[in-house]
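*Asks:* Attaching a single structure in structure tokens format; questions to follow.
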Amino acid sequence: MQGDVPVDPSYGIPIAVEKQVDRQQVGTGGHAVYTLSLRNEMTVALTGAQLLDTPPFGTRIVAGSATLDGQRIDDPARRDDGVHAFEIGLIAPGAVRELRYALRFGPAARAGDNRNIARLQGRQVGTGRPLVSAAAQAVVRLDDRGGVFAEQATITGSVFLDCDGDGLRGGADEMGVPGVRIATQGGLFAVTDIDGQYSLRNLPPHLHALSPSRSTLPAGAAIAHSRSGDTRSGGTRMVALKRGELRAEHFAVAGCDAVLRAEVAERVATFAARQGRATLEVSDLPSVSRAGDARAPVTEAGRATASQIYRRTEPVAPPPAAAPAPRIALSDAIRDYDQAPAFLDIEDGARLDRRVVSLRVKGPADLDLALRLNGAPVPFDRIGEKTTWAAGNVQAIDYVALELEEGRNELVLVGVDPFGNERANLAIALHAPGAPAGLVIEAPETAPASAGAAIPVSLQLTDRAGHPVMSSAVVSLRATLGEWDATDLQPDEPGLQVFVAEGRAELILRAPQVPGRGRLFATADIGAAQTDIVFVPDLAARDLVGVIEATAPLGGELVSPFEHGHDGLSGEVYLRGAVGDTLVTLHYDSRAEAQGLLGGGTGDDGFPVFGDASEQGFDARSSTGLYLRLDRAGSSFVHGDIATAPSLEAFAWAAAAASSTARNTRSKPNMWRSRSLPRAPVRASAASRSQAAASPDPIPSTCPT
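Next up, the structure:
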């Protein structure tokens, strides 16, 4: 007799990916070439191989750059979640295949480290077993900083309680005020850190206006008039910067009463509870420049700040669920019971969120009480406590950790007298959930587009019938608008990873600063979910900061350290506020100089600032002198630099253009118009040049979608 016992092969690391990049740093508009080695360490082939590559935000495959083993292949398909899927096909046993491609870093790419993560997947020949490799990553730093002789200036300072009224920050009793948002006439913002400190970098050397937002000051607080450059009412300060100057500008908050100090202490506690500190200390030297908390992408929407604290308008997270009342011992509670048979602390038809339940029953003391679960007697070892009150002829039993089946369960309480006759029979039904098989994400249908405002979002694990289930899972989150305010458990993985315990998690999404329709995605091993949220114009927004100045040479040519040769009348203004039911965002600069699309005046360039952890953001950026955005309900009009949606492969460009979007319940027409071809994201010291880098074919200047 002969026998053949098949044994599936087993490998420690069956497939692997190695990833390299040809450079560690690029500028906006530049590209990096990635090389991936795809290894099959098995003695059998890998079939249906596919390389899933998650590129950094704001990057794009250079058309025609993808090669496999030196042979050009089609550009990869781009999934809805932004992942590139390269079709590799077959990898022979023990073979290594080489994939190369180039990524271009566009204007929407984030400054700093940009991680590119890839995984190889496929099926083992013979067994058909699916295999997925460990993640491989490469990091490229996007850096557009100026050099050592840069003429841009820097402002540092603080917002503090002026207890003695001298306009100067003294001892520890004059506390710094965290969470105050300071705006400039160029649409650049800074939010004070836990110590009330802030910094603004990369400022051109001319007259600037700084204005702390009243809506982010403590209730009843106001900025005192403490400098000659302050306006009469205080709150806005004119600052004339020289080339390369480092300037200190501190804002004194009038008052120091107990109520005000208590609110500032509460703000400090809020900041202290947030994860980590981004403060640069002298011990961090040498260091590279950072762009504050640059969590939001650089697009025509700018970069929203998220750490400001609003005076009365910021939504708060829902309060935690009340803790269950402690269980009272049966020996203490039995005198409150009568002798009628009953189930205690649980109702007939109850739908539970877990498969294990503890419950209590009561009945006459002269009967032998027993419990049946789905027809089977509950064993005595499930009894946690049993007590009797003879005077009242009552007994009570506490059953613990009864294991239910998925779906409907029948519990029957039976009472038998000493002669074996059944005297009591009471049945109830309980519904238990199944194994975790899905999840639900819940968020408000609409929320104000108020930068950094907290939007409550909840995650709920469910069984296959959609019923809540008490379990745990790691969930990956993604938002097309807004930023998650949560700690990422796995920073090297795509998305933001959070842990859901006991079946439910309450999260915070920080609102963007511009209106729009966003989509929230939640993905876990047990399933995926998504929901839409519409960020409507925040008609309560109030920002108006501007300067007007006149310059004239006296007695011949004048070389001014303040200006770039602008003689005559000049000015700059930033406005964000409601006109009727329309939110208007405006930035106009008569000094406008040629600069990169979406790239000027972001505060990201220049030297690092040590000693504060303030957050920087900006709005209304444009390569021309005018930016105008009108938002009403779900419709908008934009004049300025725009970036088309990444899903529109043929038109994924940045351009100086006008864009209009109109929304109703049935359609969402979108149109943009540019005076020239869409411009590729190229930054230069003098000008931004028109260039069609992805395709030599002309692109129409008017594109309805």
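Note that the numbering used here has the sequence shown beginning at 649, numbered continuously upward.
Glycine included, C-beta positions come from ideal geometry on N, C-alpha and C.
None of these values were measured; they are calculated from a predicted model.
Along the chain, where does the alpha helix (DSSP H) that runs through threonine 918 open and close?
*Replies:* Segment 906-921, the alpha helix (DSSP H) holding threonine 918.
*Asks:* With distances taken Cα to Cα, identify the nearest neighbour of valine 744 among Ile765, Arg727, Ser685.
*Replies:* If we check each option's Cα against that of valine 744, Ser685 comes out closest.
*Asks:* Are the beta-carbon atoms of valine 1005 and leucine 1074 separated by less than 8 angstroms?
*Replies:* It is not a contact, given that the beta carbons lie outside the stated cut-off.
*Asks:* Determine the DSSP secondary structure at serine 1283, reduced to helix, strand or coil.
*Replies:* DSSP places serine 1283 in strand when its eight states are reduced to three.
*Asks:* CB-CB under 8 angstroms to glycine 1225, same chain, minus the five flanking residues each way: which ones, in chain order?
*Replies:* Closer than 8 angstroms at the Cβ level, and outside the excluded window around glycine 1225, lie Ala1189, Arg1190, Asp1191, Leu1192, Leu1231, Val1232.
*Asks:* Taking the beta strand (DSSP E) that alanine 1044 belongs to, which residues open and close that run?
*Replies:* Its beta strand (DSSP E) spans residues 1042-1051.
*Asks:* Thinking C-alpha only, which one of Leu1157, Val825, Ile765 is nearest aspartate 841?
*Replies:* Comparing Cα-Cα distances from aspartate 841 to each of Leu1157, Val825, Ile765, the minimum goes to Val825.
*Asks:* Is the shortest distance between the beta-carbon of proline 1096 and the beta-carbons of chain B less than 8 angstroms?
*Replies:* Going by chain labels, chain B is absent from the structure shown, which holds only one protein chain.
*Asks:* Roughly how many whole angstroms lie between the Cα atoms of alanine 998 and valine 1184?
*Replies:* Rounded to the nearest angstrom, the two C-alpha atoms are 40 angstroms apart.
*Asks:* Just the Cα atoms here: how many angstroms apart are threonine 676 and serine 847?
*Replies:* Roughly 24 angstroms between the two C-alpha positions.
*Asks:* Quick one: Cα of leucine 1276 to Cα of histidine 1235, how far?
*Replies:* Computed Cα separation, rounded: 7 angstroms.
*Asks:* Mind checking glutamate 1263: buried by the 16 CB within 10 Å criterion, or exposed?
*Replies:* Under this definition glutamate 1263 is a buried residue.
*Asks:* In angstroms with no decimal places, state the Cα-to-Cα distance between arginine 708 and arginine 752.
*Replies:* Rounded to the nearest angstrom, the two C-alpha atoms are 5 angstroms apart.
*Asks:* Just to check my reading of the structure: glycine 1011 and leucine 1017 have Cβ atoms closer than 8 angstroms, yes? What is that Cβ distance to the nearest angstrom?
*Replies:* Glycine 1011 to leucine 1017, Cβ: 5 angstroms. Contact.
*Asks:* To the nearest angstrom, how far is the alpha carbon of methionine 823 from that of cysteine 904?
*Replies:* Roughly 9 angstroms separates the two Cα atoms.
*Asks:* Report buried or exposed for glutamate 1090, applying the criterion of at least 16 other Cβ atoms within 10 angstroms of its Cβ.
*Replies:* Exposed, because fewer than 16 other Cβ atoms sit within 10 Å of the Cβ of glutamate 1090.
*Asks:* Based on DSSP bridge pairs, tell me the residues matched to methionine 886.
*Replies:* According to DSSP, which records beta bridges pairwise, methionine 886 is partnered with Ala857.
*Asks:* Is DSSP giving leucine 684 helix, strand or coil here?
*Replies:* Correct three-state label for leucine 684: strand.
*Asks:* Closest to valine 1105 by C-alpha separation, out of Val731, Lys667, Ile1156, would be which residue?
*Replies:* Measuring from the Cα of valine 1105, the nearest candidate turns out to be Ile1156.
*Asks:* Answer yes or no: do alanine 1127 and leucine 1061 have a C-beta to C-beta separation smaller than 8 angstroms?
*Replies:* No, they are not a contact pair.
*Asks:* Given this structure, state the Cα-to-Cα distance separating glycine 1247 from alanine 1085, to the nearest angstrom.
*Replies:* Low confidence applies here, because glycine 1247 scores a pLDDT of 47, under 50, leaving its location unreliable; read the following figure in that light. When rounded, the distance between both Cα atoms is 45 angstroms.
*Asks:* Quick one: grab the DSSP three-state call for threonine 804.
*Replies:* Threonine 804 falls in the strand class under three-state DSSP.
*Asks:* So, is glutamate 1150 buried or exposed, given that buried needs 16 or more other C-beta atoms within 10 angstroms?
*Replies:* Under this definition glutamate 1150 is an exposed residue.
*Asks:* Please state the DSSP three-state secondary structure of arginine 598.
*Replies:* Past the boundaries of the shown model lies residue 598; the chain is included only from 649 to 1353, so the question cannot be answered.
*Asks:* For leucine 978, which three-state DSSP category applies?
*Replies:* Three-state DSSP puts leucine 978 in a helix.
*Asks:* I'd like the span of the beta strand (DSSP E) that includes glycine 1175, first residue to last.
*Replies:* Note, glycine 1175: beta strand (DSSP E), 1175-1184.
*Asks:* Give me the Cα-Cα distance between arginine 1030 and arginine 726, rounded to the nearest whole angstrom.
*Replies:* Spanning the two alpha carbons is a distance of roughly 56 angstroms.
*Asks:* Tell me the residue span of the beta strand (DSSP E) that contains threonine 1233.
*Replies:* Taken as a continuous stretch (DSSP letters only), the beta strand (DSSP E) holding threonine 1233 covers 1230-1237.
*Asks:* DSSP on threonine 1110, reduced to helix/strand/coil?
*Replies:* The answer is strand: DSSP assigns threonine 1110 an E or B state.
*Asks:* Quick one, which of Arg1003, Ala952, Thr1036 has its alpha-carbon nearest glutamine 987's?
*Replies:* Selected option, being the one with the closest Cα: Thr1036.
*Asks:* Output the boundary residues of the beta strand (DSSP E) element that contains leucine 768.
*Replies:* Segment 760-772, the beta strand (DSSP E) holding leucine 768.
*Asks:* The beta strand (DSSP E) that contains phenylalanine 1028, what's its start and end?
*Replies:* Counting along the chain, phenylalanine 1028 falls outside any beta strand (DSSP E), and DSSP gives it neither H nor E.
*Asks:* Among Ser1098, Ala1121, Asp722, Val1042, which has the Cα closest to the Cα of glycine 1164?
*Replies:* Comparing Cα positions, the closest option is Ser1098.
*Asks:* Could you please give me the residues that DSSP links to glutamine 719 through a beta bridge?
*Replies:* Partner(s): Leu716.
*Asks:* Check the C-beta distance from leucine 908 over to leucine 809 and give it rounded, since I have them as a contact under 8 angstroms.
*Replies:* Yes, leucine 908 and leucine 809 are in contact; Cβ-Cβ is about 7 angstroms, under 8 angstroms.
*Asks:* Assuming valine 1042 and isoleucine 982 are in contact, meaning their beta carbons sit under 8 angstroms apart, how far apart are those beta carbons, in whole angstroms?
*Replies:* Correct: roughly 6 angstroms between the Cβ atoms.
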